[in-house]
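Student: To start, I am sharing the structure in question, which I have written as structure tokens.
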Amino acid sequence: MYDIEQDKIYYKNHIESPKRLFLYESLNLDSFRENRKFAFDRTKSFKQKFIDIISQNIKNEDYIVYEADIKTFIHLLENQNDVNILILIMDRYLRQVNNMYQFNFGPIIMRSLHHINLPNEAIEIYKKLTRVFDNFASLMIFFDLLYKNKQFDDMLNLFLYKDINKNSSRLISAICGSNLEQNLSKNTETMIDVIFSSNFQYIPRRAIIFLFKFALNHQNFNLMQRLSTYDNPRIMKQDQVVNFKILTILEIEPVEKVFIYIQNIIDNLDQYDIGTIQVYSDVMQHLQIKSYLDGKESTEKLEKIKPYITCLPETFGQILTTPIEYIREKRIKTNQNQNKSLVDILNNLQKNENHVPGFCFENVSRNETFKEAKLKSVKTGTTIVGIIFKGGIILGADTRATNGPIVADKNCEKIHYISDYIYCCGAGTAADAEMTTELISSKMQLMQLTWKKKPYVSAACRQIRQELFKHMGYISAAFILGGVDNKGSHLYRISPHGSVCNMQFAAMG
Numbered sequence: 001m002y003d004i005e006q007d008k009i010y011y012k013n014h015i016e017s018p019k020r021l022f023l024y025e026s027l028n029l030d031s032f033r034e035n036r037k038f039a040f041d042r043t044k045s046f047k048q049k050f051i052d053i054i055s056q057n058i059k060n061e062d063y064i065v066y067e068a069d070i071k072t073f074i075h076l077l078e079n080q081n082d083v084n085i086l087i088l089i090m091d092r093y094l095r096q097v098n099n100m101y102q103f104n105f106g107p108i109i110m111r112s113l114h115h116i117n118l119p120n121e122a123i124e125i126y127k128k129l130t131r132v133f134d135n136f137a138s139l140m141i142f143f144d145l146l147y148k149n150k151q152f153d154d155m156l157n158l159f160l161y162k163d164i165n166k167n168s169s170r171l172i173s174a175i176c177g178s179n180l181e182q183n184l185s186k187n188t189e190t191m192i193d194v195i196f197s198s199n200f201q202y203i204p205r206r207a208i209i210f211l212f213k214f215a216l217n218h219q220n221f222n223l224m225q226r227l228s229t230y231d232n233p234r235i236m237k238q239d240q241v242v243n244f245k246i247l248t249i250l251e252i253e254p255v256e257k258v259f260i261y262i263q264n265i266i267d268n269l270d271q272y273d274i275g276t277i278q279v280y281s282d283v284m285q286h287l288q289i290k291s292y293l294d295g296k297e298s299t300e301k302l303e304k305i306k307p308y309i310t311c312l313p314e315t316f317g318q319i320l321t322t323p324i325e326y327i328r329e330k331r332i333k334t335n336q337n338q339n340k341s342l343v344d345i346l347n348n349l350q351k352n353e354n355h356v357p358g359f360c361f362e363n364v365s366r367n368e369t370f371k372e373a374k375l376k377s378v379k380t381g382t383t384i385v386g387i388i389f390k391g392g393i394i395l396g397a398d399t400r401a402t403n404g405p406i407v408a409d410k411n412c413e414k415i416h417y418i419s420d421y422i423y424c425c426g427a428g429t430a431a432d433a434e435m436t437t438e439l440i441s442s443k444m445q446l447m448q449l450t451w452k453k454k455p456y457v458s459a460a461c462r463q464i465r466q467e468l469f470k471h472m473g474y475i476s477a478a479f480i481l482g483g484v485d486n487k488g489s490h491l492y493r494i495s496p497h498g499s500v501c502n503m504q505f506a507a508m509g
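All residue numbers for the sequence shown refer to UniProt numbering, where the first residue is 1 and numbers rise by one.
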């Protein structure tokens, strides 16, 4: 049975936990939760029977596996036994379609395993059905699941297991950013070779910072030497990377090399889009001592570049000893505080709704700000909306028909009559929308004469989507169809190619 309280706890823990690789929304787990709840509600009276029938039939070589059954079964996964059955189902399905499948099952399988938190089962199914997960979306969810459970060695082994894209920045970042050196020590050289073999293409800042930090903390001079030659404008403009590289060069090279490196940044300040070079106080002190010991010439060079350097009050040693997870947790708490302040603002606005009647000048300062900012006018097109309420449906649309930057018609009719209790809003090419709705209105009248009763809203929706799909996008119009029949109120959002969403509210343009 679907446990909504357990689902809420999972959602809350995943949102608040700093130990995750990707944002919750980017993995599309919230949408999966809704689909999973729907699958449980739909099969609550026969769920176990459905699983038993599939597990029995899969033993029969003549049994045909359908995509719809696989999707439902994936949403019902709960334990190791269900995963074993899923492996058999997917293996049969892949042989059945000769590996020429159209629907991508990889992400949805990984979302289900992520939701019920089965990392070891995810590794097993990945190794047995690798071709199903040959896409970056599946790997995102898979590695996030392993990262959440601190299985860092498994992440590195799987990264080297098959032909995963070695330039996948977030996956490399997952391996490097774990910040658990005791787990990575035996695989460090392998990890470094993988990153350097990619020529630093698409390597994220978090991975580069980890390598600098690892080299300095462990006095790994070989890695320092390799990092000192690294130069990438996208990364090198970052303050922490700049400070790491200065320290690294000071450890293994003459101080003259530091001046060459800093001068290169100064010459490209416009390219890096930064005002000055941010250097931490202890790094600056280290540079001054090295310059003094090197002689008068180095001291003079340091004085020349000082106007381009901003000395920060913080010490870089704190960053060298601070775990990355603590920094991420602190950043998340800061974001939560920002959200709280936003809630306070909204609450204050709600309190001010019951204001005393009279003149209101609260927008004067806002308007003056807009005037000083010289905001450009925003190009707008058609806007159509619809919403269902208890007693029926409300449809709305603007009345302007445009021809590029010109308003061709200030009073264009965009809410079209379909039948007595069915209307349709059209956006796009005005002529296409009008001719299509007139055609559908005529068909609805013929249906009413044939059936001897008022047509259903779903019938009008089907006629519109068939007409749009038949022309494969050449009818340049999108619709919001709303109406009331003996089954209740209905609202449909129909895109130009014929796809449909049944919603409680909709907006298009």
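Don't be surprised by glycine CBs; every beta carbon is placed ideally from N, CA and C.
From the DSSP secondary-structure annotation, give me the bridge partner or partners of T402.
Tutor: Locating residue 402 in the sequence shown gives position 402, where the first residue counts as 1. Looking at the DSSP assignment, T402 forms a beta bridge with V407.
Student: Classify H471 as helix, strand or coil using the three-state DSSP reduction.
Tutor: To locate residue 471, count along the sequence shown from 1; it is residue 471. In the three-state DSSP reduction, H471 falls in the helix class (H, G or I).
Student: I need the DSSP call for L118, collapsed to helix, strand or coil.
Tutor: Residue 118 sits at position 118 when you count from the first residue of the sequence shown. Coil at L118, not helix or strand.
Student: Taking the alpha-carbon positions, what's the N264 to E314 distance?
Tutor: The sequence position of residue 264 within the sequence shown is 264, counting from 1. The sequence position of residue 314 within the sequence shown is 314, counting from 1. Computed Cα separation, rounded: 24 Å.
Student: How many angstroms separate the CA atom of C412 from the CA atom of G428?
Tutor: Translated into positions along the sequence shown, residue 412 becomes position 412. Translated into positions along the sequence shown, residue 428 becomes position 428. Looking at the backbone, the Cα of C412 and that of G428 are separated by about 12 Å.
Student: What are the boundary residues of the beta strand (DSSP E) that includes I480?
Tutor: Walking along the sequence shown from the start, residue 480 turns up at place 480. Here the beta strand (DSSP E) through I480 covers 477 to 485.
Student: Using C-beta distances below 6 Å, list every residue in its chain close to S168, excluding the 5 sequence neighbours before and after it, in chain order.
Tutor: Walking along the sequence shown from the start, residue 168 turns up at place 168. In this prediction, S168 has a pLDDT of 49, which is less than 50 and means its spatial position is unreliable; nothing more can be read from the coordinates.
Student: Please list, in chain order, all residues of the same chain as S138 whose beta carbon is under 7 Å from its beta carbon, the five residues on each side excluded.
Tutor: Counting from one through the sequence shown, the residue named residue 138 turns up at place 138. Only G106, P107, M110 meet the Cβ criterion.
Student: Cutting at 6 Å between CB atoms, please list the residues of its own chain near K301, excluding the five before and the five after it.
Tutor: The count along the sequence shown starts at 1 and reaches residue 301 at position 301. Closer than 6 Å at Cβ, skipping near neighbours: F259.
Student: When we look at the beta-carbon of S112 and count the other beta-carbons within 10 Å, is it buried (16 or more) or exposed?
Tutor: Here residue 112 corresponds to residue number 112 of the sequence shown, with the count starting at 1. The residue is buried, with at least 16 neighbouring Cβ atoms inside 10 Å.
Student: Return the bridge partner residues of C311 from the DSSP annotation.
Tutor: As a first step, residue 311 is located in the sequence shown; it is residue number 311 there, counting from the start. DSSP, once it has assigned bridges, lists V279 as partnering C311.
Student: Of all the options L395, H416, A430, S442, which has the alpha carbon lying nearest to the alpha carbon of G381?
Tutor: Position 381 of the sequence shown, counting from 1, holds the residue named residue 381. Among L395, H416, A430, S442, the Cα nearest to that of G381 is on A430.
Student: Put H416 into one of helix, strand or coil per three-state DSSP.
Tutor: Taking the first residue of the sequence shown as position 1, residue 416 is located at position 416. Of the three classes helix, strand and coil, the one that applies to H416 here is strand, per DSSP.
Student: What residue from K414, L88, A39, A68 has the CA that sits closest to L76's CA?
Tutor: The residue you call residue 76 lines up with position 76 of the sequence shown. Closest by alpha carbon: A39.
Student: Using C-beta distances below 7 Å, list every residue in its chain close to T437, excluding the 5 sequence neighbours before and after it, in chain order.
Tutor: Here the question's residue 437 lines up with position 437 in the sequence shown. Correct list, in chain order: H416, I418, C424, G426.
Student: Run the CB neighbour count on V407, radius 10 Å, all protein chains shown included, and call it buried at 16 or more, exposed below.
Tutor: To locate residue 407, count along the sequence shown from 1; it is residue 407. With fewer than 16 Cβ atoms within 10 Å of its Cβ, V407 is classed as exposed.
Student: Residues in its own chain within less than 7 Å of residue 527 by CB, not counting five upstream and five downstream?
Tutor: This structure cannot speak to residue 527, because the chain is shown only from 1 to 509.
Student: Rounded to the nearest angstrom, how far is the Cβ of V279 from that of L247, given a contact under 8 Å?
Tutor: On the sequence shown, residue 279 is found 279 positions in, with the first residue counted as 1. On the sequence shown, residue 247 is found 247 positions in, with the first residue counted as 1. Rounded, the Cβ-Cβ distance is 10 Å, inconsistent with contact.
Student: Nearest to F50 by CA position, among H471, E372, Y261, I74, is which residue?
Tutor: Reading the sequence shown from its first residue, position 50 is the one you call residue 50. Checked all of H471, E372, Y261, I74; the closest Cα to F50 is I74.
Student: Less than 8 Å separating the beta-carbons of Y93 and I70?
Tutor: Along the sequence shown, read from residue 1 onward, the residue named residue 93 stands at position 93. Along the sequence shown, read from residue 1 onward, the residue named residue 70 stands at position 70. Yes, Cβ-Cβ distance for Y93 and I70 is below 8 Å.
Student: How about I384 and G509: are their beta carbons less than 8 Å apart?
Tutor: The sequence position of residue 384 within the sequence shown is 384, counting from 1. The sequence position of residue 509 within the sequence shown is 509, counting from 1. Against a cut-off of 8 Å, the Cβ pair of G509 and I384 comes out as a contact.
Student: Taking the alpha carbon of I388 as the reference point, which residue from V484, S442, L27, K245 has its own alpha carbon closest?
Tutor: Along the sequence shown, read from residue 1 onward, the residue named residue 388 stands at position 388. Closest option to I388, Cα to Cα, is V484.
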